[in-house]
Amino acid sequence: DGKIPHTFVIFGASGDLAKKKIYPTLWWLYRDDLLPKPTKFCGYARSQLSIAKLKESCKQYMKVQPHEQTKYEEFWALNEYVAGSYDGRTGFELLNQQLELMENKNKANRIFYLALPPSVFEEVTVNIKQICMSVCGWNRVIVEKPFGRDDVSSKALSDHLAGLFHEEQLYRIDHYLGKEMVQNLMTIRFGNKILSSTWNRENIASVLITFKEPFGTQGRGGYFDEFGIIRDVMQNHLLQILSLVAMEKPVSCHPDDIRDEKVKVLKCIEALQLDDMVLGQYVANPQGKTEDERTGYLDDPTVSKSSSTPTYALGVLKINNERWQGVPFILRCGKALNERKAEVRIQYQDVPGDIFEGNTKRNELVIRVQPGEALYFKMMTKSPGITFDIEETELDLTYEHRYKDSYLPDAYERLILDVFCGSQMHFVRSDELREAWRIFTPILHRIEKDHIRPLTYQYGSRGPKLADLKCEENNFQYSGSYKWHNSKAT
Ligand code: BG6
C-alpha cells in the first residue's frame, strides 16, 4: 500500500479486552516495526477518557523494557481517543472528523476493531457503515465472539453484517488460529509423508483435543454464565483445531482453499448428542490456598445461585467420511482444573500381532499448543542396557530447546498483522461459523430447556471422573504411567 496512511479504530477502548490485549498488541507490533507507516490509532468508548488515563489502565499489560521508553512514548503520541455513545449519529460524526484530522484528509485505509458487548454490536456496525468508512482507501472490520448464541441468532448477526460489508472486509477472530502450533498443523500434516499416510481410520484409534485452565471465572462470571464453556471454548477454539486436524488436503495454501476444506469436514459431522457428553461445574475446594480456589462457581456473586451453566464439557464428535468413520474426536475443556494446558493427542491403534506380552503402549503424537510449545511422539523402545524389557519414550521437539532464540509472537499479534496484510487465512468464514452452530445448537438448547444439571468437580481437580470413562469408551487409552517431563512449569 505504499505510503497510504492506516488508521486503527478500537471500539470498546475502555474495556477489558482493549487494555489486556488490543493496546498491548498494537504496541508490540509498533515496537517491532511491523506496522505500515504511518499508522495511527483511535479509541472510542462511552466513558470520558484521556490518553493519559488510557495509558495508565493499559500499563501493567504492555511489558515495556526500560530501553524502549522513547519508542513507547512515540506510540502513545500516535493515539487519539473519542468519547461517544454507541447509538445515535453524533459520536460517530465526531469520530469521523477525528479520523480525517489524523489522516490530514488524505486517502487512508481504516481498520475497525469491535471489542464490544453483543448488545451494541448492530448499532455500531450500522454507524460505521454510514458515517465512518474511508472513502478512498480500504475498510476492514475485526469482530470478536460471541458470534450469536445459537444458529438462529448467529445467522441474524451474519445477515446483518453481510448487509453492511463484504465477506472480504470481515475478520472474525478466533485467537486460537493465531497460535504457533495451531498454525503448524498444516505443515505437520501435509509436509510429512510419514504422517500424511497414517492420518486415517486405518491407523488412528482416537483423537483427543484438550483445553484446561487452572482458574475459574475471575470476575467474568456475568458474561460466562450466559454462555458457558461450550460456547466459550468448545464451539470455537476446539472445533477450529479439530477442523485443521481432520480436513482433507487443500488444493493450495490460499485462504479460501483452506477454508473450503474446513467447511467440508465440518459438514460431515453430526450434531452432538447428550449421550456423547459429560458436563461439569466446579465447586469450592475448602482446603484451597487462595480465595479463588475456595470460591465455587455458584459462589461467584455475578452468577445466578441456581445456574446450570457448565464450566467443564467433554463431547465426542463423529466424522462421517471415508477417512474418519469410526474414529472418535473427543473435545474436552474446562475451567478451575489442575493445570493450564492446550494440546492435541493423536492416538494410534494397538500394534496387531503382539509379541511383547501385552506390554506395548499405543503410539501417540502430541501437539502441545501451550504452555511450552512442543511436538512429541510417544513410542516404544527397548530399555537401554542388558535388559530386553521395553518402555515408553518419546521423539521430542520442544521449541524451548530446539528453537532457543526464536521469538514466538502472541496470537493477537499475528492476527492483527494479518488484517493489515489482508490475509483471511486465520479468520473464520461465515459458512464455517454456520456449520459450527449447526453442530452445537441442538445440544445447547437441550441443556437449557431441560435444565440438565452438570456434575460437580472440585476446583483444582482433573474434572468429573466420568470424563475419563467417556474417553475409555471412545477408544482413547490413558494409562497414567507416562509423564511428559520436558515442559516449562505452567
Ligand atoms: C477466550 C475465552 O476465548 O479464551 C476465555 O473466552 C479463555 O474464557 C481464553 O480464558 C483462553 O485463551 P488463552 O489464549 O489464554 O488460552
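At the far end of the sequence shown sits residue 587, using the working numbering, and the numbering has no gaps. All residues carry an ideal CB built from backbone N, CA and C; glycine is no exception. These numbers were taken from a predicted model, which means no experiment stands behind them.
Checklist entry - If we count the other Cβ atoms within 10 Å of its Cβ and call it buried at 16 or more, is Ala586 buried or exposed? => result Unreliable positioning characterises Ala586 in this predicted model, as indicated by a pLDDT of 43, which lies under 50. The coordinate reading is nonetheless provided below. Classification of Ala586: exposed, given that the 10 Å Cβ count is below 16.
Next on the checklist: My output table needs one value for Asn460: the three-state DSSP class, helix, strand or coil.
Outcome noted: In this structure, Asn460 counts as coil in the three-state DSSP scheme.
Checklist entry - From what residue to what residue does the beta strand (DSSP E) around Asn176 run? => result It spans Asn176 to Ala180 - the beta strand (DSSP E) in which Asn176 sits, taken as one unbroken run.
Checklist entry - Which whole-angstrom value is the C-beta distance of Glu197 and His257, which I expect to be below 8 Å? => result Contact doesn't hold; Cβ gap of about 27 Å is too wide.
Checklist entry - Using a threshold of 7 Å, is the CB atom of Glu470 nearer than that to any non-hydrogen atom of ligand 1? => result Glu470 Cβ: outside cutoff for every heavy atom of ligand 1.
Checklist entry - How big is the Cα-Cα spacing for Val448 and Thr457? => result Those two C-alpha atoms are separated by around 8 Å.
Checklist entry - For Leu151, which of Tyr178, Phe172 and Cys365 has the nearest alpha-carbon? => result When each option's Cα is compared against that of Leu151, the closest is Tyr178.
Checklist entry - In this structure, what does DSSP give as the bridge partners for Gly412? => result Under DSSP, the beta-bridge partners assigned to Gly412 are Met374 and Leu428.
Checklist entry - With respect to 7 Å, is the separation between the Cβ of His272 and the closest non-hydrogen atom of ligand 1 below this value? => result Answer for His272: yes, Cβ within range of ligand 1.
Item to check | Boundaries of the beta strand (DSSP E) in which Lys152 is found, first to last residue | outcome: For Lys152, no beta strand (DSSP E) segment is defined; the enclosing uninterrupted segment is the alpha helix (DSSP H) at Ile148 to Cys155.
Next on the checklist: Using only the alpha-carbon positions, how far apart do Asp98 and Gln521 sit?
Outcome noted: For Asp98, the predicted model reports a pLDDT of 47, less than 50, meaning its position is unreliable and no value from the coordinates is stated.
Item to check | Any chain D beta carbon closer than 8 Å to Ile326 | outcome: The structure shown has no chain D; it contains just one protein chain.
Next on the checklist: If I follow the unbroken alpha helix (DSSP H) through Ser255, where does it start and stop?
Outcome noted: Taken as a continuous stretch (DSSP letters only), the alpha helix (DSSP H) holding Ser255 covers Asp248 to Leu261.
Checklist entry - So, do the segment 550-568 and the segment 432-443 have three or more beta carbon pairs nearer to each other than 8 Å? => result Using a C-beta cut-off of 8 Å, the segment 550-568 makes contact with the segment 432-443, since at least three inter-stretch Cβ pairs fall below that distance.
Checklist entry - Taking buried to mean at least 16 other C-beta atoms within 10 Å of its own C-beta, is Lys202 buried or exposed? => result It is exposed - the Cβ of Lys202 has fewer than 16 other Cβ atoms within 10 Å.
Checklist entry - With a CB to CB cut of under 6 Å and the five nearest residues on each side skipped, what residues in its chain are close to Pro121? => result Within the same chain, Tyr158 and Met159 come within 6 Å of Pro121 by CB-CB distance, once the 5 residues on both sides are set aside.
Next on the checklist: Looking at Leu411: is its Cβ nearer than 8 Å to the Cβ of Ala564?
Outcome noted: The Cβ-Cβ distance between Leu411 and Ala564 falls below 8 Å.
Item to check | CB-CB length for Asn536 against Ile366, believed under 8 Å | outcome: The sequence as given places Ile at residue 536; Asn does not occur at that position. Taking C-beta atoms under 8 Å as the contact rule, Ile536 and Ile366 qualify, at a distance of about 5 Å.
Checklist entry - Tell me which same chain residues have a C-beta within less than 8 Å of the C-beta of Phe172, skipping the five on either side of it? => result Excluding sequence neighbours, Phe172 sits near Leu123, Trp124, Tyr127 and Arg128.
Item to check | Three CB pairs or more closer than 8 Å across the segment 485-503 and the segment 315-326 | outcome: Contact between the segment 485-503 and the segment 315-326 is not established, with fewer than three Cβ pairs separated by less than 8 Å.
Next on the checklist: Once the 5 residues before and after Ser251 are set aside, which same chain residues still bring their CB inside 8 Å of it?
Outcome noted: Within the same chain, Ser251 has close Cβ partners Phe244, Gly245, Leu530, Arg531 and Trp534.
Next on the checklist: If you follow the beta strand (DSSP E) that Val223 is in, where does it begin and where does it stop?
Outcome noted: Membership of Val223 in any beta strand (DSSP E) is not indicated; the residue belongs instead to the alpha helix (DSSP H) covering Pro215 to Asn224.
Item to check | Nearest-angstrom Cβ-Cβ length linking Cys568 and Ile443, presumed shorter than 8 Å | outcome: So it is not a contact: roughly 14 Å between Cβ atoms.
Item to check | Distance between Thr136 and His103 (C-alpha atoms, nearest Å) | outcome: Rounded to whole angstroms, His103 to Thr136 spans 5 Å at the Cα level.
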